[in-house]
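Position one of the sequence shown corresponds to residue 1 (full-length UniProt numbering), numbered consecutively onward.
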Amino acid sequence: MNTRANAVRAGFSRGWIEFKQTFTNGQDISNYLIFPIISLIVMILMRNSDAPGTTYSLALLTLPSVLGMNVVFSGLMGAAATLIVGREDGTLLRAKALPHGIIGYLVGVVVYLAGTTVVTVAVVFVPGLLIFDGLEINSAAAWFGLVAIIALGFAATLPLGAIIGSLGNNPANMGLLFLPVMAMVGVSGIFYPITSLPGWLQVIGQLLPMYWVGLGMRSVLLPDAMASVEIGESWRTLEMVGMLGLWAVVGFVLAPAVMRRMARRESGSNLAERRQRIMQRVQ
C-alpha cells in the first residue's frame, strides 16, 4: 500500500474525528458561540444607523465583513494555535516518527480547521439571515460565491498561521498574536467602511488579507448599490481575487520551508526542555 496515500487518509480521518469532538467539549462550544453572540449584539445595536451615503443599515454592511473576519481568524489564529499545541504536547514529534507522518498530521490540521471555519461562519450567518433584511443570497451564484470566498480566504490565511505556529513554541504566547490581529480588524473596514479611515490607514488595510476577504463577502452578499461605500465605488473583484491569490501563493511557498525546518528541529530532548520550563513556571 502507498504509505503517502495511507498517511493522507489517516490525516483526513483524524481531522474529521477531532472536528466532531469539538461538539462534545464545553470550551470548544463556547468558543464557537461567544464571539458570534457578541458580534450579533453589536450589529443589532448598529441596525438603526445607515451606512455612509446609503439608505442601507450599517449592520447589513457589517455582517458579511464579520463573516470574512471569522474566516481569517480560523485560518490564521487557528492554524497557529493548533501547530503550537501540537509541538507542545508531542503530537508533532509522534507524527514525525511515522512514514509520511507529517503529511498526515498537516492534512488532519487542514480538515479540522476547515470544519471549524464553516461552523464559525454559520453561527453568525444563519442568525444574521433571520435578523437582518437585505442580504442577496437567493441564487446559486451567490452561494457559489460565498463558498469560493471562504475557500480563497482560508487558503490565503492558513499558510500564514502555519508559519506563525512553526515559529512559536509556547501556547501561552498566543495572546500576543491577538493584539496585532485586532489591529488588523481596525484597519480592514470590518465594522465601518474603510473609506472612512485616513488614506494611509486605507493603504495598510489593503495590504492585509482580512480587508479583501471582507470585501469579497460583501460583494457576494450585498446589493450592488452598497458598493458606493467601497474604495472606487466598486467591489474590485479581480483585485480581490488577485490579492488573496498572492497571499496564498506566497504562503504556500514559504510555509513548507519553515515547517520543514521546524520539524527537523523537533526532538524528544527539545520537548522535554519545553515541558521542564513550563513546570518551573508553574512552581
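Even glycine gets a Cβ: it sits at the ideal position worked out from N, Cα and C. As the structure is a prediction and not an experimental result, all values here were calculated from the model.
Please look up how many angstroms separate the CB atoms of Leu-67 and Ala-51, rounded, as I've assumed it's under 8 angstroms. Actually they are not in contact, since the Cβ atoms of Leu-67 and Ala-51 sit about 17 angstroms apart, beyond 8 angstroms.
For Ile-164, the nearest candidate out of Ile-17, Arg-9, Met-262 (CA to CA): Met-262
Starting from Phe-73, trace the alpha helix (DSSP H) both ways and give me its first and last residue. 58-73
Exposed unless 16 or more other CB atoms sit within 10 angstroms - verdict on Trp-212: buried
Under 9 angstroms between the Cβ atoms of Asn-70 and Thr-117? yes
Alpha-carbon spacing of Arg-87 relative to Val-72, whole angstroms: 22 angstroms
Beta-carbon spacing of Tyr-112, Glu-18 below 9 angstroms: yes
Does the stretch 92-103 come close enough to the stretch 140-160 to have 3 or more Cβ pairs within less than 8 angstroms? no
Leaving out five residues before and five after Phe-191 in sequence, what residues of the same chain have Cβ atoms less than 6 angstroms from its Cβ? Thr-62
Proximity of Gly-78 and Gly-15 at Cβ, strictly below 9 angstroms: no
Classify Met-182: buried if its beta carbon has 16 or more other beta carbons within 10 angstroms, exposed otherwise. exposed
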